[in-house]
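Residue numbers (the numbering used here), protein chains in the order written: chain D, 259 to 634; chain L, 413 to 713.
What follows is a short report on a single structure.
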Amino acid sequence: MSETIKVSPWLDSSHKPYIQIQNVTKRFGEFTAIDNLTLDIYKNEFFSLLGPSGCGKTTLLRMLAGFEKITNGKILLDGEDISEIPPHLRPINMMFQSYALFPHMTVEKNIAFGLKQDNLPANEINQRVEEMLELVELTDFANRKPNQLSGGQSQRVALARSLAKRPKLLLLDEPLGALDKRLREQTQFELMDIQEKLEVTFVIVTHDQEEAMTVSSRIGVMDSGNLVQVATPAEIYEAPINKDVADFIGDVNILKGIYKGQNEVGTQLFSEDSNSIVFATQEVGASVEDEMWFAIRPEKLEISKVAPSHDHNILKGTIEDIAYGGSFSTYHVKLDNGRILKAIRANRERTKEHHLTWDDEVYLQWAPHSAVVLLS
Amino acid sequence: MQTNPNFFKSIFNGRNAVIAIPYIWLLLLFLLPFIYVLKISFAETIYARPPYSSLLIWGDSWLPSIKASFDNYLFLFSDSLYIKAYLSSLKIAFISTILTLIIGYSIAYSVARAPTRWRGILLMLVILPFWTSFLIRVYAWIGILKTEGLLNLALMSIGIIEQPLMIMNTDLAVYIGIVYSYLPFMILPLYANLEKMDMSLLEAAADLGCRPFKAFWTVTVPLSLSGIIAGCFLVFIPVMGEFVIPDLLGGSETLMIGKVLWTEFFYNRDWPVASAVAILLLAILVVPIMLYQRSQEKAIS
Numbered sequence: 259m260s261e262t263i264k265v266s267p268w269l270d271s272s273h274k275p276y277i278q279i280q281n282v283t284k285r286f287g288e289f290t291a292i293d294n295l296t297l298d299i300y301k302n303e304f305f306s307l308l309g310p311s312g313c314g315k316t317t318l319l320r321m322l323a324g325f326e327k328i329t330n331g332k333i334l335l336d337g338e339d340i341s342e343i344p345p346h347l348r349p350i351n352m353m354f355q356s357y358a359l360f361p362h363m364t365v366e367k368n369i370a371f372g373l374k375q376d377n378l379p380a381n382e383i384n385q386r387v388e389e390m391l392e393l394v395e396l397t398d399f400a401n402r403k404p405n406q407l408s409g410g411q412s413q414r415v416a417l418a419r420s421l422a423k424r425p426k427l428l429l430l431d432e433p434l435g436a437l438d439k440r441l442r443e444q445t446q447f448e449l450m451d452i453q454e455k456l457e458v459t460f461v462i463v464t465h466d467q468e469e470a471m472t473v474s475s476r477i478g479v480m481d482s483g484n485l486v487q488v489a490t491p492a493e494i495y496e497a498p499i500n501k502d503v504a505d506f507i508g509d510v511n512i513l514k515g516i517y518k519g520q521n522e523v524g525t526q527l528f529s530e531d532s533n534s535i536v537f538a539t540q541e542v543g544a545s546v547e548d549e550m551w552f553a554i555r556p557e558k559l560e561i562s563k564v565a566p567s568h569d570h571n572i573l574k575g576t577i578e579d580i581a582y583g584g585s586f587s588t589y590h591v592k593l594d595n596g597r598i599l600k601a602i603r604a605n606r607e608r609t610k611e612h613h614l615t616w617d618d619e620v621y622l623q624w625a626p627h628s629a630v631v632l633l634s
Numbered sequence: 413m414q415t416n417p418n419f420f421k422s423i424f425n426g427r428n429a430v431i432a433i434p435y436i437w438l439l440l441l442f443l444l445p446f447i448y449v450l451k452i453s454f455a456e457t458i459y460a461r462p463p464y465s466s467l468l469i470w471g472d473s474w475l476p477s478i479k480a481s482f483d484n485y486l487f488l489f490s491d492s493l494y495i496k497a498y499l500s501s502l503k504i505a506f507i508s509t510i511l512t513l514i515i516g517y518s519i520a521y522s523v524a525r526a527p528t529r530w531r532g533i534l535l536m537l538v539i540l541p542f543w544t545s546f547l548i549r550v551y552a553w554i555g556i557l558k559t560e561g562l563l564n565l566a567l568m569s570i571g572i573i574e575q576p577l578m579i580m581n582t583d584l585a586v587y588i589g590i591v592y593s594y595l596p597f598m599i600l601p602l603y604a605n606l607e608k609m610d611m612s613l614l615e616a617a618a619d620l621g622c623r624p625f626k627a628f629w630t631v632t633v634p635l636s637l638s639g640i641i642a643g644c645f646l647v648f649i650p651v652m653g654e655f656v657i658p659d660l661l662g663g664s665e666t667l668m669i670g671k672v673l674w675t676e677f678f679y680n681r682d683w684p685v686a687s688a689v690a691i692l693l694l695a696i697l698v699v700p701i702m703l704y705q706r707s708q709e710k711a712i713s
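Structure, rendered in structure tokens:
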């Protein structure tokens, strides 16, 4: 997790949002793709719209680009209402999921296309194209046609083409979806570098939560046309707003708890899985006997064969499965009631002595501040 | 020396048989008739049956002597009628190809951009005229275009014109007939091309600041070039030799090489000159046919 902007303008009310999406609704016939959505995005942000397919994230992006008409509400860019401005007049550029490179033009001509529409002088166009080719390291490929490029190269041409006009806002629709894992990770860092260097505001649509975590300043998690949570990657991961967000971002163990009130440690919950009271530092406003959940990330569950000295926040089970991941291993632990929890442990020892193995009886424990209490 | 039995087996296998069929077809139905026509074009007209002289004269020696002449070809250049007819055919074919392209492109474009459920029906309507005989469709145009035809009656009854328009038996009638008859040959390759175009390319163009009209010329048209070329050749080549339409709809001043050929063959019974006209027409068409082939090969690669 890294942050591309060091300050947090969304916490500072003196900052004016750069993009204001105000009560926007989009309907396709009977179907509501975006439902009364409001969102502010700030200058130089790397904002991710994250969600399962069909959640409306692409529709929202296409409304920013101007390809979809807004049914209700409006979108402001730098204070100006752009809702009715056609796409070719918006100072916004988009990088398409399919890249949409013009197959009849060379790399150079593709990049120059947008600049030519502005009737810039030829030498300025050439200079700008040169800069862009250097930026994406494709100078040697200037005269190739798109069908002579690899997936990664096409992706970079598409990026160069969308950046050539120096847009104030760049929209990226699943930009890395077609690349293999290694290339995708490398390109994520390149994207972040470029974004910082050119000081462009990026809005990216992705269904890949790892990608969103890596590149974003903030993430907007969407579901069925609504924003469920808007926060920094760390906040989304460590303090998800509900079970769905917790489950969608990363691996998580979600356990049911009955609210039993507060004490000096924090919230007391009765867990059926441990058949005892568990503690969470986080305070919640609820009444006794309310049903709620607590979520623990696998890396925050400590797994060991030795019984802990204290007596709360402990679950007992046997190792059902082990996924060896090199630097760490994921253990699937089966509780006595049959539920399976995931725990991750770093593989610090090279020798076998400390290793846990199948059918080992183990204890899972966690600190009261490691669990997130979720009301829904 | 012994022949390897596998040699014959390897030649007469299923694969070669399949490949051979089109070649045999072309040999029997194109190459042999062509050689026959070529042969006649070097002969002389005589009153006999068939009405041309033999190329091979069997004299006293073992080998026959060949009696061929270029007179028929020279004759084509001596009488300005033929040159004029070729040029006029070229002109008519060229203009009607352009007209067909303009009309065909707009039809193909609107069909390709129509909602998916409509496309099949619209395309069906384009192909539907083929279900009626070509000749009958051209005859129908006589009924529409003649002095007391449907068009004139309609225009006069609503008072747009007072005197009937003289369209029948003019070049205009020929253009109308040709454009109407050959439109499907233009629409189909263009539709096939436009239909598979990636619409996100137009969005990309708009996104980069290109107006829709300009995007049409800088993106859609260049990408449909192979369809344009295919459609234009499919219209231009047969129109060059068109006989029925100028004969039925055209007037005495409509000069087309197909009509000249017909006259030479049936009225003058001058088979050798008619053959020479046909061979020269083919020679003129070989150039666009080869260009067409080249563009098709390019499109494939």
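The beta carbon of each residue, even a glycine, is placed where N, CA and C say it ideally should be.
**Prompt:** So which residues on chain L does residue 371 (chain D) lean against when the C-beta distance must stay under 7 Å?
**Reply:** 620
**Message:** For a cutoff of 8 Å on Cβ pairs, would you count residue 376 (chain D) as touching chain L?
**Reply:** yes
**Message:** Between residue 354 (chain D) and chain L, is the shortest Cβ-Cβ distance under 8 Å, so that the two count as touching?
**Reply:** yes
**Asked** What residue does the beta strand (DSSP E) around residue 551 (chain D) start on, and which one ends it?
**Response** 549-554
**Asked** Between the C-alpha atoms of residue 630 (chain D) and residue 544 (chain D), what's the straight-line distance to the nearest angstrom?
**Response** 15 Å
**Prompt:** Taking 8 Å as the CB-CB cut-off, is residue 704 (chain D) touching chain L?
**Reply:** Residue 704 (chain D) lies beyond the range of chain D shown here (259 to 634); nothing can be said about it.
**Request:** Find out if the Cβ-Cβ distance for the pair residue 700 (chain L), residue 645 (chain L) is shorter than 8 Å.
**Result:** yes
**Request:** Measure the CB-CB distance between residue 558 (chain L) and residue 580 (chain L) and report whether it falls below 8 Å.
**Result:** yes
**Prompt:** Measuring CA to CA, which of L:434, L:480, L:510 is closest to residue 688 (chain L)?
**Reply:** L:480
**Asked** Which residues bound the beta strand (DSSP E) around residue 315 (chain D)?
**Response** It is not in any beta strand (DSSP E) - residue 315 (chain D) instead sits in the alpha helix (DSSP H) that spans 315-323.
**Asked** Can you tell me whether residue 694 (chain D) is buried or exposed, with buried defined as 16 or more other CB within 10 angstroms of its CB?
**Response** Chain D is shown only over 259 to 634; residue 694 (chain D) falls outside these bounds and no answer can be derived.
**Request:** With 8 Å as the threshold, decide whether the Cβ of residue 433 (chain D) is near any Cβ in chain L.
**Result:** no
**Item:** Within the segment 544-609 of chain D, ranges of the alpha helix (DSSP H) (whole runs, at least 4 residues)
**Value:** none
**Prompt:** If contact means a Cβ-Cβ distance below 8 Å, which residues of the segment 568-588 of chain D contact chain L?
**Reply:** none
**Request:** Can you pull the chain D residues whose beta carbon is under 7 Å from the beta carbon of residue 616 (chain L), in chain order?
**Result:** 354, 358
**Item:** Extent of the continuous beta strand (DSSP E) run through residue 618 (chain D)
**Value:** From DSSP, residue 618 (chain D) is part of no beta strand (DSSP E); its letter is neither H nor E.
**Item:** residue 662 (chain L) vs residue 583 (chain L) beta-carbon contact at 8 Å
**Value:** yes
**Prompt:** Going by C-alpha distance, which of D:394, D:409, D:401 is nearest residue 455 (chain D)?
**Reply:** D:394
**Message:** Check this for me: beta carbons of residue 356 (chain D) and residue 612 (chain L), under 8 Å apart or not?
**Reply:** yes
**Asked** When DSSP builds the beta bridges, which residues end up paired with residue 285 (chain D)?
**Response** D:290
**Request:** Give the single residue among D:513, D:564, D:345 whose Cα lies nearest to the Cα of residue 550 (chain D).
**Result:** D:513
**Item:** Unbroken beta strand (DSSP E) run spanning residue 538 (chain D), endpoints
**Value:** 534-538
**Item:** residue 260 (chain D) versus residue 318 (chain D): straight-line alpha-carbon distance, rounded
**Value:** Note on residue 260 (chain D): pLDDT 41, under 50, position unreliable in the model; the coordinate value appears next. Computed Cα separation, rounded: 25 Å.
**Message:** Measuring only the C-alpha atoms, how far is residue 578 (chain D) from residue 494 (chain D)?
**Reply:** 30 Å
**Prompt:** At which residues does the beta strand (DSSP E) containing residue 489 (chain D) begin and terminate?
**Reply:** 484-489
**Asked** Is residue 404 (chain D) close to chain L, meaning its C-beta is less than 8 Å from at least one C-beta of that chain?
**Response** no
**Message:** Can you tell me where the alpha helix (DSSP H) holding residue 564 (chain L) begins and where it ends?
**Reply:** 562-569
**Request:** Indicate the three-state DSSP secondary structure (helix, strand or coil) for residue 312 (chain D) in the structure shown.
**Result:** coil
**Message:** So, under 8 Å CB-CB, residue 476 (chain D) and residue 508 (chain D) are touching, yes? Tell me the CB distance rounded to an integer number of Å.
**Reply:** Not a contact, Cβ separation roughly 17 Å.
**Prompt:** Would residue 720 (chain L) be called buried (16 or more neighbouring beta carbons within 10 Å of its own) or exposed?
**Reply:** Since the first residue shown for chain L is 413 and the last is 713, residue 720 (chain L) is missing from the structure and cannot be characterised.
**Prompt:** To the nearest angstrom, how far is it from the Cα of residue 621 (chain L) to the Cα of residue 372 (chain D)?
**Reply:** 6 Å
**Prompt:** Below 8 Å, can you find three or more Cβ-Cβ pairs linking the segment 378-396 of chain D to the segment 334-352 of chain D?
**Reply:** no
**Prompt:** What in chain D is Cβ-close to residue 525 (chain L), meaning under 9 Å?
**Reply:** Going along chain D, no residue has its Cβ under 9 Å from residue 525 (chain L), so there is no contact; the nearest lies around 16 Å.
**Asked** From what residue to what residue does the alpha helix (DSSP H) around residue 351 (chain D) run?
**Response** First-last for residue 351 (chain D): 350-353, but that is the beta strand (DSSP E), not the alpha helix (DSSP H).
**Message:** If I follow the unbroken alpha helix (DSSP H) through residue 551 (chain L), where does it start and stop?
**Reply:** 546-557
**Request:** Consult DSSP for residue 630 (chain D) and reduce its assignment to one of helix, strand or coil.
**Result:** strand
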